[in-house]
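Participant: Residue numbers are given in my numbering: position 183 of the sequence shown equals residue 575, and the series is strictly consecutive.
Even glycine gets a Cβ: it sits at the ideal position worked out from N, Cα and C.
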Amino acid sequence: MLSLYNSLSRREEPLPDQPKIHMFVCGPTVYDYLHIGNARTYTFFDFFAKLLRARGYEVHYLQNITDVDDKIIAKALTENKGTGAIAARFTEAYFEDMKALGVDAVTTYAPATQFIPQIVAQVERLIDKGFAYKIEGDGWYFDIAKDPDYGALSGRTAAQAEDGVSRIDESVGKRNKGDFCLWKFTQTSLDALEPRWPASIGEGRPGWHIEDTAISEFYFGPQYEIHGGGVDLKFPHHEAEIAQQESASGLVPFVRIWMHTGALTVEGKKMSKSAGNFVTIRDFLEKEGRHAPALLRWMAFSHHYRSPFDFSERALAQAKRELETLYTRCMGLHRFAPEDVPAEWKDRLNEALDGDLNTPKALSLLMEATKGGAMAPGAKLAILSLFDAMFGLDMAETASLSDEIPPEITGKFEEYTSSRSNKQFVQSDALRKELEGLGYEVRDAEDGSVIVKKFF
Ligand SMILES: [Zn+2]
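Given below as structure tokens:
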């Protein structure tokens, strides 16, 4: 039985016992290339959807795409292009990145601009019920003082909410500092670049938070099982979503389980363009080559999804080493016929995942199972397929490679070991470099050196 940590109740809860699971995960704002922190979140929820499906659940995995936003307008201004062109370009880039990463479990992508009537209708309901008020010449705002539960997810009071206001929400005329914008009237100051839609509530464009609830209500109704996203979205974004949907429908809870992925830092610091430590998904994939997507996934799954994750050169080197060890063990397994996954081992895997998706434990079970002599080769092969289907680690592909080291390499390696034991280190270092150039790495250990194929 799968249990998941619910950010709202702050404890583990069982997954709702029903055959169909509705899961919404916040998609990107399409004004730039995504970074590896986004990759962590999306690879995690991709894995999670695949796990649920493997366990027999029908999963509707829904993701919005924020294609109308202040950041898109700002980019359009600097590039002297239309907002539509900017959004289209980076939506395409997002799909390319996800495809490259093997993230393919999303059922429906929903761009906000295709749901304007639903957004307007939800704002109208909030106005009718007295939760929204108008600021002339500015827009419609949600009055957080009208929602006594506001702040429950993030653990803030309405008075503490003021520091969370962002983007479109600034206005001097607000009742409470933490009030957020539902609908922004067309501003003449932003000239013709600002996207606008005629509406009964006044010509304008949607606020950020309202698109998610309008889209999820359209597909899932006013209540559903799982909402996910990065921890940075918890406040104010997800808090605002709860306020909007529960106020509009009068039904509680909006979402049964809130799941948040931990923050990703680079070399111990928050990623930012100004700090020069911003790593885009495409830069990473280009730099690390053929198995880069698996490498990124390996790094992500080596951390529990809620834990902070520091991406560093050291962590990267360690992940490469681990994955290379794993790949070396996989090579040559194609010669065997797959057998069943041993039941006892599968129980241990399920137990690890049942406890709030302990992927580091799952990876250590994988390492244990692939060790020499741990299991029959056919059982190993079956385990690799099982893992690849959920985790996407390229193991089946590696298993199809020959595990025989070419005689040319073996010869040089023998020369290496003998020169090393004769303490001819200049010669042994030269041989090591030569082997590296040929795609092999020498690893020295106390009980002798080994040679492994390099994958990175
Ligand atoms: Zn969102």
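Please report the straight-line C-alpha distance between GLY660 and HIS427, rounded to a whole angstrom.
Facilitator: About 16 Å.
Participant: For VAL818, count the other beta carbons within 10 Å of its own beta carbon; 16 or more makes it buried, fewer makes it exposed. Which is it?
Facilitator: Classification of VAL818: exposed, given that the 10 Å Cβ count is below 16.
Participant: So, at 7 Å on beta carbons, what are the nonlocal neighbours of ALA492 in its own chain, with the 5 sequence-adjacent residues on each side left out?
Facilitator: Contacts found: LEU677, PRO685.
Participant: Which residue wins for smallest C-alpha separation from GLN510, given the options PRO598, ARG567, VAL460?
Facilitator: Of the listed residues, the one whose Cα sits closest to GLN510 is PRO598.
Participant: Can we say the stretch 450-463 touches the stretch 511-527, given the rule of at least three CB pairs closer than 8 Å?
Facilitator: Verdict: no, contact absent.
Participant: Please determine if the stretch 627-638 and the stretch 478-490 are in contact, where contact requires at least 3 C-beta pairs separated by less than 8 Å.
Facilitator: The stretch 627-638 is not in contact with the stretch 478-490.
Participant: Going by the beta-carbon positions, is the gap between SER608 and PHE416 smaller than 8 Å?
Facilitator: Cβ distance < 8 Å, so SER608 and PHE416 count as in contact.
Participant: Check whether the stretch 716-729 touches the stretch 780-792, taking contact to mean three or more Cβ pairs, one atom from each stretch, closer than 8 Å.
Facilitator: Counting Cβ pairs under 8 Å, three or more are found: they touch.
Participant: Suppose you measure from the CA of ASP571 to the CA of SER592; what does that come to, to the nearest Å?
Facilitator: Answer to the nearest angstrom: the Cα atoms are 22 Å apart.
Participant: Could you please give me the residues that DSSP links to GLY596 through a beta bridge?
Facilitator: Answer by DSSP bridge pairing, in chain order: PHE577, TRP589.
Participant: Using beta-carbon positions only, say whether VAL647 and TYR616 come within less than 8 Å of one another.
Facilitator: Yes. Within cutoff.
Participant: Identify, in the order they occur along the chain, each residue of the same chain with its Cβ nearer than 7 Å to the Cβ of ASN398, setting aside the five sequence neighbours on each side.
Facilitator: Closer than 7 Å at Cβ, skipping near neighbours: GLU405, ILE649, TRP650.
Participant: So, with DSSP's three-state summary, where would you put HIS601?
Facilitator: HIS601 falls in the helix class under three-state DSSP.
Participant: How about LEU773 and PHE728: do their beta carbons lie closer than 8 Å?
Facilitator: A contact, by the Cβ cut-off of 8 Å.
Participant: Determine contact between the stretch 687-698 and the stretch 467-481, defined as no fewer than three beta-carbon pairs at a distance below 8 Å.
Facilitator: With the cut-off at 8 Å, the stretch 687-698 and the stretch 467-481 do not touch.
Participant: If you follow the beta strand (DSSP E) that MET415 is in, where does it begin and where does it stop?
Facilitator: Looking at the DSSP string, the run of the beta strand (DSSP E) that includes MET415 is 412-417.
Participant: Please list the segments of the alpha helix (DSSP H) lying wholly inside the stretch 468-502, counting only runs of 4 or more residues, in order along the chain.
Facilitator: Fully enclosed alpha helix (DSSP H) runs of 4 or longer: 475-493.
Participant: With a Cβ-Cβ cutoff of 8 Å, do PHE439 and PHE703 count as a contact?
Facilitator: The answer is no: Cβ separation not under 8 Å.
Participant: Pull up the CB-CB distance for ARG359 and LEU656, whole angstroms please, since I reckon it's below 8 Å.
Facilitator: The structure shown has nothing for residue 359, since the chain only spans 393 to 848.
Participant: Opposite SER395 in the DSSP bridges: which residues?
Facilitator: SER395 pairs with PRO406, GLY747.
Participant: Just tell me which of SER401, PHE437, ARG445 has its CA closest to the CA of LYS412.
Facilitator: Minimum Cα distance to LYS412 is reached at ARG445.
Participant: What residue range does the alpha helix (DSSP H) around VAL515 cover?
Facilitator: Where VAL515 is concerned, the enclosing alpha helix (DSSP H) stretches over 508-520.
Participant: Flag LEU625 as yes when its Cβ comes closer than 7 Å to any non-hydrogen atom of ligand 1, and as no otherwise.
Facilitator: Yes, the Cβ of LEU625 comes within 7 Å of a heavy atom of ligand 1.
Participant: Kindly indicate which three-state DSSP category GLN636 falls into: helix, strand or coil?
Facilitator: It is helical.
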